[in-house]
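Okay, so here's the structure we're looking at.
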Amino acid sequence: MAFYLVSMGPLYRRTLHRLGHGEGVEEVLAANPTPRTFEVPEPARGLLDELTLWGDAEHARAALDRWYAAGAQLPCLTLPPGRPVDELDQVLESLRP
1435 MAFYLVSMGP LYRRTLHRLG HGEGVEEVLA ANPTPRTFEV PEPARGLLDE LTLWGDAEHA
1495 RAALDRWYAA GAQLPCLTLP PGRPVDELDQ VLESLRP
């Protein structure tokens, strides 16, 4: 998430500001003075909860369940490139309905 806010121009920043996440966006920008760092400081962790699945499998599964309870019908999951197949299988297995 920090990568998109820091490196991808103003679109993501403006959109998240408009959706009420301006404070978190500004925290991320302040923590990353160059486009080569991607830190999410503690005060901006709410953005991670709103926009991503992160943490261990239990934490990510609970977040996905909250999204479904809030009405999400088809969350999109993007897996990190270059990871071993067994690791990706574990991620998918832990998140399947």
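Residue numbers (our numbering): 1435 to 1531. Glycine is no exception: its CB is placed at the ideal position from the N, C-alpha and C atoms.
Spatial neighbours of residue i within its chain, please: C-beta separation below 6 Å, excluding the five flanking residues on both sides.
{"i": "Pro1444", "result": "none"}
Start and end of the alpha helix (DSSP H) containing residue i?
{"i": "Ala1436", "result": "Ala1436 to Ser1441"}
{"i": "Arg1495", "result": "Ala1491 to Ala1503"}
{"i": "Leu1511", "result": "No alpha helix (DSSP H) holds Leu1511; DSSP gives it neither H nor E."}
{"i": "Val1459", "result": "Gly1456 to Ala1465"}
{"i": "Arg1447", "result": "Pro1444 to Leu1450"}
{"i": "Val1525", "result": "Val1519 to Leu1529"}
Tell me the rounded alpha-carbon separation between residue i and residue j.
{"i": "Glu1527", "j": "Arg1500", "result": "18 Å"}
{"i": "Gly1454", "j": "Asp1490", "result": "27 Å"}
{"i": "Arg1470", "j": "Met1435", "result": "13 Å"}
Here's the rule: buried if 16 or more other CB atoms are within 10 angstroms of the residue's CB, otherwise exposed. What is residue i?
{"i": "Val1519", "result": "exposed"}
{"i": "Leu1508", "result": "exposed"}
Which same chain residues end up closer than 8 Å to residue i when comparing Cβ atoms and leaving out the 5 residues on each side of it in sequence?
{"i": "Asp1483", "result": "Ala1497"}
Give every residue of the same chain whose Cβ lies closer than 7 Å to the Cβ of residue i, excluding the five residues on either side of it in the sequence, and list them in chain order.
{"i": "Val1459", "result": "Leu1439, Arg1447, Leu1450 and His1451"}
{"i": "Leu1513", "result": "Leu1522 and Val1525"}
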